[in-house]
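Residue numbers (this note's numbering): 112 to 247.
Cβ coordinates follow ideal geometry from the N, Cα and C atoms, glycine included.
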Amino acid sequence: MATVVAIITSMVVANAAQTITTPNAAFISYSLAAGANSAAITPVTSKSVLVMGCCTTQAGVGQVSLFHIPGGGIEWVGLESYSPAAITSGQSATPGFHIVFIDDFHQVDIQLATADTIRVHNGSAATQTGNVTLIW
């Protein structure tokens, strides 16, 4: 029996292929007046993308893994910023659709800018600053 397990294990290991690549990343800083939106950010298509954002004036952080379907919208799942933290998930192609809050007061969020792009939106009454990082 041990011989059979060893042979099967050897066959699986022999057929396994591993490719390690250096990830790509984009870093975007924002400083937005009350009610303002950042410029559109285009996630790569047909690959999973980790999107992390933080607000440095109203401390907070949120993250999602998203999938950009060219011309078909964006799908995501992740975690809203603290107070209270909650799971966020969805799929949409509608501009302005909420994806994830990145500040503790749930006033600064990442949302859809178009079916193919995202943006940071400042829904607070004061200027907010922070950054967003995309890794794929």
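{"query": "Cβ-Cβ separation, aspartate 227 to aspartate 209 (assumed contact under 8 angstroms), whole Å", "result": "According to the sequence as given, residue 209 is histidine; it is not aspartate. Not a contact, Cβ separation roughly 17 angstroms."}
{"query": "Exposure label - phenylalanine 212; buried when at least 16 CB within 10 Å", "result": "buried"}
{"query": "Closer than 6 angstroms: serine 194 CB and nearest the ligand ADP heavy atom", "result": "As far as ligands go, the structure on display features none, and thus does not contain the ligand ADP."}
{"query": "Contact set for asparagine 242: own chain, Cβ-Cβ below 8 angstroms, skip 5 residues either direction", "result": "Phe138, Ile139, Ser140, Tyr141, Gly164, Cys165 and Thr167"}
{"query": "Simplified DSSP assignment, three categories, for asparagine 135", "result": "coil"}
{"query": "Inter-stretch contact at 8 angstroms, needing at least 3 Cβ pairs: the segment 190 to 207 / the segment 152 to 161", "result": "no"}
{"query": "Distance, glycine 234 Cα to tyrosine 193 Cα", "result": "17 angstroms"}
{"query": "Nonlocal neighbours in the same chain, by C-beta distance under 7 angstroms from alanine 170, ignoring five residues either side", "result": "Asp215"}
{"query": "Alpha-carbon to alpha-carbon, tryptophan 187 and leucine 177", "result": "4 angstroms"}
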